[in-house]
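Notes for the one structure printed next.
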């Protein structure tokens with residue numbers, strides 16, 4: 003008898019013995035066993051607290067886990083052999099001449115961590131859209147700076163191969179964001195192929211608008227909240243007084259977010275990651291849930307609609323100093339207790355913190371005949 007058959011025989015014997023023991027139990031003992039089993043199943047769920055805090059798993063219950071969507075990540079490559087990512091890749095490509103699609107070769111594991119939050123799934127880990135297929139395009143050797151031509155080629159590759167959502171946890175400061183080519187390319191891809199860009203706002207407590215490509219009109223720039231989930235993180239990029247437009251658009255958990263490690267073969271499988279790089283894929287994952295649900299139910303998956311719903315459903319949190327948020331360009335008439343709002347978005351958090359459950363409820367109530375109003 004070979005080893006596999008021996009194991010199966012032992013398993014059948016153990017299961018039969020367990021059934022005999024269960025049959026001999028009193029009714030009360032059986033109820034105790036069933037209750038303990040239910041509690042074990044509940045506690046064994048591989049949910050991450052950072053994602054649970056913004057309703058990601060509740061939205062999965064409504065929209066599903068992204069099985070009909072394709073997400074793309076433009077980064078320094080990914081380790082597609084990680085247990086949370088293996089077998090899920092649709093395409094892996096190198097557009098920067100690194101000679102490898104693996105971020106362990108110079109990328110320090112950044113892409114692997116980001117992608118795991120977006121689509122990861124294992125016995126101890128569950129990402130935002132774990133059933134989605136993914137495209138990984140290596141657009142840089144390391145760091146977060148890329149060539150404009152490489153960026154365009156990489157983004158077009160993802161769009162032409164069916165990506166619904168693209169996550170870009172990359173960027174650098176530019177002097178003329180209104181005419182920045184990366185932002186304009188993102189807007190073009192959104193209009194031509196219907197691809198929603200979700201971008202990390204940056205980690206310098208500086209202008210998110212002047213970061214490329216987070217300043218793109220059509221994309222969602224994502225800042226970070228701290229480990230309490232109730233306050234903007236001090237490092238998260240924001241809108242400066244000199245900026246003509248508000249960015250970021252949303253904030254999401256970005257401190258101590260569990261992410262897959264590229265060196266998992268020799269160290270721990272996961273680590274606690276911090277930065278807007280790891281807040282962006284949480285939002286991108288919810289957008290992928292929406293795109294998948296929309297595809298299955300013949301609803302619009304327009305980037306402007308998804309962006310509008312995600313922003314409209316956001317929840318305001320405290321500013322990084324603990325103060326209550328205030329709208330931009332606002333004036334207060336104390337005599338009549340009336341605020342006049344010039345710009346509705348907050349300098350630090352945009353529309354507010356992601357509320358995935360609220361977005362799922364709003365989007366799932368659309369019909370194939372409805373013409374939704376785009377609010378933002």
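Numbering (the numbering used here), first residue to last: 3 to 378.
Virtual Cβ for every residue (Gly too), placed ideally from N, Cα, C.
Check, Outcome
"Does residue 390 pass the burial test, meaning 16 or more other C-beta atoms within 10 Å, or should it be called exposed?", "Absent from the model: residue 390. The displayed extent of the chain is 3 to 378, so no value can be given."
"Got a sec? Which residues, its chain only, sit under 6 Å from residue 48 by beta carbon, not counting five neighbours each side?", "126, 127, 128"
"Is there contact between the stretch 64-78 and the stretch 288-306, where contact requires at least three CB pairs shorter than 8 Å?", "yes"
"Helix or strand or just coil, what does DSSP make of residue 260?", "strand"
"State the CB to CB distance for the pair residue 2 and residue 202, rounded to an integer number of angstroms; the pair is presumed to be in contact (CB under 8 Å).", "Here the chain has residues from 3 to 378 only, and residue 2 is not among them."
"Please classify residue 3: is it buried, with 16 or more other beta-carbons within 10 angstroms of its beta-carbon, or exposed?", "The predicted model places residue 3 with a pLDDT of 38, which falls under 50 and marks its position as unreliable; any figure quoted below should be read in that light. Answer is exposed; the Cβ neighbour count stays below 16."
"From the DSSP output, which residues share a beta bridge with residue 91?", "136"
"Spatial neighbours of residue 192 within its chain, please: C-beta separation below 6 Å, excluding the five flanking residues on both sides.", "220, 305"
"Assess contact between the stretch 232-252 and the stretch 351-361, defined as three or more Cβ pairs (one per stretch) separated by less than 8 Å. Is contact present?", "yes"
"Residue 339 by DSSP, collapsed to three states: which one?", "coil"
"Taking the beta carbon of residue 300 as the centre, do at least 16 other beta carbons fall within 10 Å, making it buried, or is it exposed?", "exposed"
"To which residues of the same chain is residue 342 closer than 6 Å at the C-beta, ignoring the five residues directly before and after it?", "333"
"Short of 7 Å in beta carbon distance, which residues of its chain neighbour residue 135, apart from the five on each side in sequence? Order them along the chain.", "72, 90, 92"
"Which residue comes first and which comes last in the beta strand (DSSP E) that contains residue 54?", "No beta strand (DSSP E) contains residue 54, which is instead part of the alpha helix (DSSP H) from 51-54."
"Checking the sheet assignment: what are the DSSP bridge partners for residue 274?", "260"
"Classify residue 169 as helix, strand or coil using the three-state DSSP reduction.", "strand"
"Using the rule of at least 16 other Cβ atoms within 10 Å of the residue's Cβ for burial, across every protein chain shown, is residue 361 buried or exposed?", "buried"
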